[in-house]
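Let me begin by presenting the structure, written as C-alpha cells, before commenting on it.
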Amino acid sequence: MKKVYIFTLLLTMFACGKGEEVVKEQPSKTAVQIDHYTLAMESAAAFEKSGFTNNDDYETALSNFEMVTATERMHADAWFNMGRILFYKGEIPRAKESLKNAITYRSNFVEAYSLLTKIYLLENNLNAALSLAEKANELVPGNNVLMNNLAVLYIKTGDLPSAKKIVEGLIRHNTKFTPAYITLGNVYYLEGKYEMARFIYLKALDEGEDSGDLYTNIGIIAIKLDEGNNALGFLKKAEEKSPNNPYVLNNVGEYYLSAGDFDGAIKEFNAALKINPKMIEALVNLGVAYSNVKLFNEAEDIYKKALSYDPSFPEAYFNYGVFLIDHRDQNVKALAMFNKYLVLKGKEISDKHRVYRYIEEINQKKKGSKK
Amino acid sequence: MILLILCYIINFNLSAEDTKAAKIDFYKGAQEFVTEIDSIMSNKQQLKKIESDENFEGKVQNIEALEQSNRDLSISSFEAYIKKYPNSPNTPDALYRLSKLYYEQASQKVIKDTENYEKEYQKFLRGETQVLPPDPVADYTDAIRTLNRLTKDYKSYGYRDEALYLLGYAYFEQGNTAKGIESYEALIKEYPKSDKLPEVFTRLGEYYFDADNLTKAVYYYSQVLEYPDSPYYENVIYKLAWTYYHKKRIDEASGFFVSLIDYNQRKFGPDYSSSTMNEAKNYIAIGYAESSKGIKGAYDFFRKIGGRNYEYDVMQKICELYISSDRLNKALPAFDFIVQNYPYNPSNPVIHEKLINSIKPEQNLKLINKERDKMIKLFGEGSVWREKNKDNIKAIVTADQIIKKQLIGIALYHQERGDANRDRKEYIIAAKMYYEFLRKYPMDALVVGARYNYAKILFNLGDYDGAIKEYTAVQNYTEDEKLREESSFSLVTAWQSKLRKENPRKYSTREMRPLLSETGKLLPPNKLNDDESVTVAACKKYETLNPKGRRLPHVWYIEAEVYFKNNNFDDARAKYKAIVEKYPNEKVATDSIRNIIASYTYQKNYPKIEEWSKVLLASRAFDRGMGKDEKEIQSLMTGSVFKRAKNIEDEGRYEEAAAEYIRLAKQYPKSEYSDAALYNAGLIYEKIGDPTEALRSYRMMLAKYPKSKHSLNAMFRTAVNYEQQLDFNQSLYFYEQITKKYAKTNFAVDSHYNSGRIRRAFSQYDKAADHFMAYSIQSKDQKEKASSLLLSASLYERSGKYAKALNAYSMYVKNNKKDLDGVMLSHVSMARMYDRMGKGTLAYSEYNNAVKVFRASGSPTGTAASEYNAEARFKMLYTLSSKYNAIKVKSTSVKVMKSAYENKQKLLQLLSEQYLKIINLGSPEWSIASLYMIGFEFNKFSDFLYEIPVPKEINTPQLISEYKGQIQTQAMPYEDRAIEYYEKSISESARLKVANEWTQKAKQKLSQLKPAEYKDNKEAITVVYPSVDIKDYGFIGK
C-alpha cells in the first residue's frame, strides 16, 4: 500500500496521533514513592514481557503498587497500572476496583476507561461496558480513543450504522488514528463487505498500525475471500503480535480446524478461552474440534456452555444441532436447535442453506419412524 | 555741351569712367561748330538758369524740353542753311552738324518711345490693355541720309573720317550692320591714321565677338594693341583674354590677363590693385582650375612668363576653387603643390585650414585627421615654415590659432572614434592630444572644455583617478553652469566607476547586492570606506552646486547605491524615497522603487515588498514600461506574499501560513504563484490535519488553474485526501481522471494502482484488474510489475473475464520465467479456467505445461510450485480416469466381456500406479486426493463387475444366482481395496493435519461402504470473527 504518496514539498507527516490522545500526568515524586513505583513498573513490564505468565514479576509488581497506593492514595497511574496487571492475571474484580480508583483520582483517565470497558466486555456485560463508554465520552468529550471504544460497543450491540458513523467521523477528523480504521473495517466485515473491510484494514496498516487485531482481521478476510494461502501468514503474524488476543487465537484455531489440524485448533481455542472464558466464537469452534477428534462429551459440554453464555449466538445452536444428530441421534432436539438457529439468523439465511436440508432429513426420518 | 551730355546719356549709357574719354574724343571734331551752333541757339542764359534748378527731375524735364526746342530750331536752321547754300564751303560742316542733330533727334525719340513703350507694356501686364505695344524702333534715316551725302559728295572733307565713323555707328544702331561694317572698313582703309581707328577696331572686334566670330574679333581687338595709349587698349586686352578664355586657350587668355595686370601695374605702380586686375587673376585661376592643366599648368605658365608677384594668389585661388567646388581630389594635390612650390608662404596655414574645413567629417574623418596631423608638422613648432616666417608675427599667430583649433579637432575626432567603438587606441591618441594642448596652451580659453573632454577620455580608459582629478578641476574652475553640472555629475559617476573597479564584487553592476555572509546571510550595516565616503561627498557637492540639476535624481540614486551596498538600508531608502517623491516621472524613480523592494527583499520584509510593489505598479513612470516589466513586478509582489507565507510556514505558524497563501490566491488571482499558493495551502491543511480545508484548497486550485503545473499534484492530493476522508467515489474519480488526463506520468501509474485498490474494495474486480494491468505495464519496478500482473490475472479470473485472465496469466508466464511459483500458478490457473470452460484439451495442455516447467526447474520440493505440480499431475489423470470409467459392458458376448474386463483392469493398474506417484510427490492435499482417487477407481471397478450383463448362456435362476455369487466374489476384493484407500486418505489427513474436500468425499464413500463404522456427519459451522475489541494502551507512566 505504499502507493499513496505523501509529497513532502512542504509537508512532513505527523507521527500517529495516538500519543496526543492520551492525557498523561506525571505522579508527584518523593524519595520513598519513587522506589516502590519504579520497582512496581519494572516488575510490571517484566510481567508483560513474559506474556503475563511470570508470577514472581506479578507479585513483585502488585506488592509495590499496593505500597504506592497505600502511601499515596491519589496516585492514579499506580492504580491504573496495578489494575492492568490484575486484569491480565485474571483478578478481574480487583482489577476493576483498581481501575475505578484510577478514574476516581483522575476523571479524564482515558486508558483507565478503556481498560475497564474492555473488562466489562470480556465479562459479556455489554450494558455496563456501553454505559461506561458513554459516560467516558461525556466526561472527556471528543477523545478519539473513547469515541472508538463507543463504536466498538455499538458493533457489539449490532448497531453497525452508529458505529460506522462514529469511526468515519474519527477518521475524517484524524486520518492517523488507526484504531478507528480497524473498527470501520470490522463494520464492513460484519456487513459482509469483505473487500472493503480489507481495504480499510490495509489503510490502517499503511498508517502504521501493527497490532495483532489488524493482522487477524486481514487474515480472516483472506479466508472469507477463499485466499486461504494468504490467510495463514496474516494469522501467524497476528499471533506473534498479540499472543493474548482471544480473537487472534480463535481465528488461528479456526484456520487449523478447517485445514484438518484438529489438535492445533483445540489448543488455540482453549488459549482463547483461557483469556476470555465466555468467548462464544471460541466455544463454538472448540465444540466442532472436539467432535472431529471424537471427544463428544467434551464437545457437548462446550456447546452447552456456549448456549448458556450467549443464548443469542445462532451458530452455537446450529452446531449443537449437528452434534446431536451426528453423535447423539437426538433428532428432535437437533430440530429445535436448527429452528432456533433460523429464528436468530432471520433474513440473513438463504433458502439454500443446508440447515433446511438437515431439517428436511429429520422430518423425513420422523415420518419414516411414524410409518 | 548739353548736347554732348545728352548724346552721352542717350547713345552710350556706359560706365562713366571707362567710356568717358572715348566719348569726349568722339565729339571732339564737332567743337568748331560750337560757336555757330551757339549763335543759332539763342537762349544760353535760360539754360544756365535751368541748370541751377535744384529739382533734378524737373530740371531734366526742363532740359529735355529746352534741348528739344533748341534741336528742332537748329535742325530747321541747318536745313534752311543747306537749302540756301547747297554748295557752300560750309555745306559739308552744315551737313555734318545736321546729321548729328538728326541723330540726336532720333535718339531722343527712341528714348521717348521707349518710355511710352514701358508704360504701355506695364498696362498690358496689368491687363488694362489687350494689345502688346510695338517695340520702339530707332530711325536714323535722316542722319544716315545726310551723312551718306556728306561722305560721298565731299571726299576731301576734313572730318570725313568722323562722318564715316558716325555713319557706321548710325547703321549699327539702325541694325544695318553690313552698311555699318562697310562704313567702318572704308574709314580703316581710307584713314589709316585716323584717331578713330582704336575705337573702330574695338567696335568691330566687339561686333564679331558678339557674333561669335572670334577669329575676326581677335583680329580687330589685336589691331588695338598697336595703340597702347588708347583708352580702348586695356579693354581690348581684357576682351582678348576673355576671347581666348572662351576658346579655352588658357595660356593665351592668361597671357592677356597678365598683360592687363602688367599694364595697370605699369600705369599705376606695382602695388596698384583694381577689380579688373583681381578679376584677371581670378580668371587665370579659374581658367587653369577648369582646364586639365590645373595648378601645375598655372605654375608652368608663370614660369614661362618669368613669374609674377601675384602668382601665389593665383595658386591659392585655384586651390580655393577646388575647395569651394568640392573637388577634394584636386584640392588636396593642389595644396600639396603649393606647399611644395611655395613652402614658406605665410598664407599656407590658412589655405590648409580651408582645405581641412572643407572636408566633410561625416565622410572622411580619417582624412581630416591626416591633414590635421600634416598641418601640425608643416606649420607647428619646429617646422621650417615657422622658422622662415618667424618675423611674420601675424602669420605665426594665425598659424598657431589654426593649429590649436585643429589640435582640439583631432582630439575630438579620436575621442568620437573612441566613443563609437570603445576603441582604447583612439582614446589614447585623443588623450595625448588633449594633454599636449593643455600643456602648450594652459591659459587658453578652450582649456576648461579640453580638460572636460580629457577627463571623459580618462574615464573611458578606466583611469578613474585621472578623470576624477580633471572633473574636479573643471567643476571648480568653470564658470559655465552647464559644464559645471556636467563635470559635477561626471565626477560622481567617476567615483562610482572607481568603486566598481576596485570593488568588483561589491559594486557589481549586474545586481543590487548588499553585504552577505558566506552562508548568504545579511550582514549588519557597514561603515563606508574612504572612497565610498568621497563618492557620497561628491554626490552631496553635486547637489550643492546644482540644487536644481537635471541629474540630481541620478546622483541620489548613486549615493543610495553606496548606502545600499553597505547595508545602510535606511539611508539608501531615504534617498530612493526622495527620488520617488520628487521625480516620480523619471525612470530612475521606478528603479529606486525596485531597489527599495530589493532592500526589503534582502531583509525579508515581505509586507514591505508587497507595499512597494504596489507603489511601483501605480507609479506613472512605471506606466511607460508596461508589459513584460509589469508582469515581473506583479510576480515579485505576489512572490513576496508567497515567500511571506512560506516564512510563516517555516516558523511553524501553519494556519497563518495557509491563510496567507489563500489570501494570495484570492487577492491576486492572476499571479503566477496563486496556483502554487493554493496547492501549498492544501499541503499545510493536510499537515495540520484539516483535510476538509485541504480539499477546499486543492479543489479551488483545480477549478481556477486547471492548466497549472501543480494540477497533477493537486489532483493526486485531492484523490488521496478524499480517500483519507473515506469518500472513495470522489477519490476514485480523481485517480481515474489522472490516469486519463495524465496517462504518461508517474502519477498515472500510481493512480492506476490506487484506483485498482478502490475498485477491488468495491468488489469491481474486472475494473480493478484493468487498473492493476495498466499499473503492471507502466510500473518500472519489476517486482511490482509482476505482482500486479498476477493480481490483475486473478481478479479477471474472479470476475469471470477468462479471456483477459488467460491473457494476463500468459503475460506473466512470458515475462516472469524465473518466478517458478508464479509461473506454475499461472499455468494451473489457466488450466482450471479451461476446465471450467469445458475445454479439456487446453486444460490438459496447461497442466502439462506446468509439469514441464516444474520438471525443468529441478522439481524443488516443499514449495508452492511443487503443490501446483502435484495438482497438475493429479488433474492430468482425469483423462485417463475418464477413459477408464468409459469402459462398460453392455454386450452379453463373453468375448466382449473378457476384453473389456482385461482393458479396464489394465487401466486400473495404470491409474493406481500414477496416483501413487503423485503421493510420492509429497503434497499433503494431493496425496489425500490421490489416495481417495485410487479408492474411487477400485470402487468403480467393483461397480463395473456388478454392472456386467448376465450372459445369455446363463439362463436359469440357479445359474444366475451362482453367477451373481461369483461376480460378488470377484468384486469384493476391489471394494475392499476401495475402502482401504478411502480410509488411508482419512488417516493420512489426520496424520498430516490436513482436511479438504477429498477427506470429506472419502468419509462420504465410507459412510456408504461401511455405514456402521462411518457415519455421514453433517457439516458444522466454524466461526471466525474480527477482533472487535477495546484496545489496551499499555502501562502508564514510568
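In order, the protein sequence lines correspond to chains A and B. If you read the first sequence in numbering that gives the first Met the number 0, its first letter stands for residue 0, the second for the next number, and so on. If you read the second sequence in numbering that gives the first Met the number 0, its first letter stands for residue 0, the second for the next number, and so on. Don't be surprised by glycine CBs; every beta carbon is placed ideally from N, CA and C.
Report, in whole angstroms, the separation of the C-beta atoms of residue i and residue j, which I expect to be a contact under 8 Å.
i: A718 (chain B); j: G681 (chain B); result: With a Cβ gap of about 12 Å, A718 (chain B) and G681 (chain B) do not count as contacting.
i: T128 (chain B); j: K122 (chain B); result: 5 Å
i: Y434 (chain B); j: Y463 (chain B); result: The Cβ separation is near 17 Å, so there is no contact.
i: L406 (chain B); j: A430 (chain B); result: 13 Å between Cβ atoms; not a contact.
i: E866 (chain B); j: S922 (chain B); result: 5 Å
i: A288 (chain B); j: Y321 (chain B); result: 6 Å
i: Y139 (chain B); j: A105 (chain B); result: 5 Å
i: A830 (chain B); j: K782 (chain B); result: Wrong, their Cβ atoms sit about 26 Å apart, outside the cutoff.
i: F147 (chain A); j: L169 (chain A); result: According to the sequence as given, residue 147 (chain A) is Asn; it is not Phe. Indeed they touch by this definition, with Cβ atoms about 6 Å apart.
Is residue j closer than 8 Å to residue i when the C-beta atoms are compared?
i: V257 (chain B); j: L239 (chain B); result: no
i: Y808 (chain B); j: S825 (chain B); result: yes
i: K903 (chain B); j: Y883 (chain B); result: yes
i: E90 (chain A); j: V1022 (chain B); result: no
i: T891 (chain B); j: K963 (chain B); result: no
i: N136 (chain A); j: L120 (chain A); result: no
i: G184 (chain A); j: Y200 (chain A); result: yes
i: S754 (chain B); j: Y734 (chain B); result: yes
i: T998 (chain B); j: S986 (chain B); result: no
i: T174 (chain A); j: A203 (chain A); result: no
i: T637 (chain B); j: S670 (chain B); result: yes
i: F336 (chain B); j: I294 (chain B); result: yes
i: Y308 (chain A); j: N123 (chain A); result: yes
i: A288 (chain A); j: F268 (chain A); result: yes
i: I918 (chain B); j: V993 (chain B); result: no
i: Y170 (chain B); j: S182 (chain B); result: yes
i: I222 (chain A); j: R197 (chain A); result: no
i: Y334 (chain B); j: L364 (chain B); result: The sequence as given places Phe at residue 334 (chain B); Tyr does not occur at that position. Against a cut-off of 8 Å, the Cβ pair of L364 (chain B) and F334 (chain B) comes out as no contact.
Kindly identify the DSSP beta-bridge partner or partners of residue i.
i: L515 (chain B); result: B:L521
With a threshold of 7 Å, establish whether the CB of residue i neighbours any heavy atom of the ligand GTP.
i: F322 (chain A); result: The ligand GTP is absent from the structure shown, which contains no ligands of any kind.
Quick one: which residues of the segment 723-756 of chain B get their C-beta closer than 7 Å to a C-beta of chain A? List them in chain order. Q723, Q724, L725, D749, Y752, N753, R756
Using Cβ-Cβ distances below 8 Å, what residues of the segment 756-771 of chain B are close to chain A? R756, I757, R759, A760, F761, S762
What are the uninterrupted segments assigned as alpha helix (DSSP H) that are 4 or more residues long and contained completely in the segment 634-701 of chain B, given in chain order? 653-666, 673-686
Mind pulling the alpha helix (DSSP H) runs of 4 or more residues that sit fully within the segment 534-571 of chain B? Counting only runs of 4 or more residues that sit fully inside the segment 534-571 of chain B, the alpha helix (DSSP H) segments are 551-563, in chain order.
Give me the subset of the segment 96-121 of chain A whose CB atoms are less than 7 Å from a CB atom of chain B, sorted by chain position. Considering only beta carbons, the part of the segment 96-121 of chain A lying closer than 7 Å to chain B consists of E110, S113, L114, T116, K117, L120, in chain order.
Positions along the segment 37-52 of chain A whose CB lies within less than 9 Å of some CB in chain B: T37, M40, A43, A44, E47
At a CB distance below 8 Å, what residues from the segment 901-932 of chain B approach chain A? Give them in sequence order. Taking 8 Å as the cut-off between beta carbons, none of the residues of the segment 901-932 of chain B comes near chain A.
Proximal residues, the segment 813-836 of chain B versus chain A, C-beta separation under 9 Å: Those would be none; no residue qualifies.
Quick one: which unbroken alpha helix (DSSP H) runs of 4-plus residues sit fully inside the segment 80-110 of chain A? Chain order, please. 91-104
Output, in sequence order along the chain, the residues in the segment 164-182 of chain A whose CB is closer than 8 Å to any CB in chain B. E167, I170, R171, H172, N173, T174, K175, P178, I181, T182
Secondary structure, alpha helix (DSSP H): runs of 4+ residues fully inside the segment 226-300 of chain A: 227-240, 245-258, 261-274, 279-291
Closer than 7 Å between beta carbons: that is the criterion. Which residues of the segment 79-96 of chain A meet it against chain B? F79, N80, R83
For the segment 1007-1023 of chain B, enumerate the residues whose C-beta is nearer than 9 Å to any C-beta of chain A, in chain order. K1014, D1015, N1016, K1017, E1018, A1019, I1020, T1021, V1022, V1023
Determine which residues of the segment 238-257 of chain A have a Cβ less than 7 Å from any Cβ of chain B, and write them out in chain order. N244, Y246, V247, N249, N250, E253, L256, S257
Could you please tell me which residues of the segment 1023-1034 of chain B, in chain order, have their CB closer than 9 Å to any CB of chain A? V1023, Y1024, P1025, S1026, V1027, D1028, I1029, K1030, D1031, Y1032, G1033, F1034
At a CB distance below 7 Å, what residues from the segment 222-233 of chain A approach chain B? Give them in sequence order. I222
Would you mind listing the alpha helix (DSSP H) stretches within the segment 151-208 of chain A that are 4+ residues and don't spill past its ends, in chain order? 159-172, 177-189, 193-205
Closer than 9 Å, Cβ to any Cβ of chain A: which residues of the segment 989-1004 of chain B, in chain order? A989, L991, K992, V993, A994, N995, T998
Can you give me, in chain order, the residues of the segment 258-278 of chain A that have a beta carbon less than 8 Å from any beta carbon in chain B? Per Cβ criterion, the list reads A258, G259, D260, F261, D262, G263.
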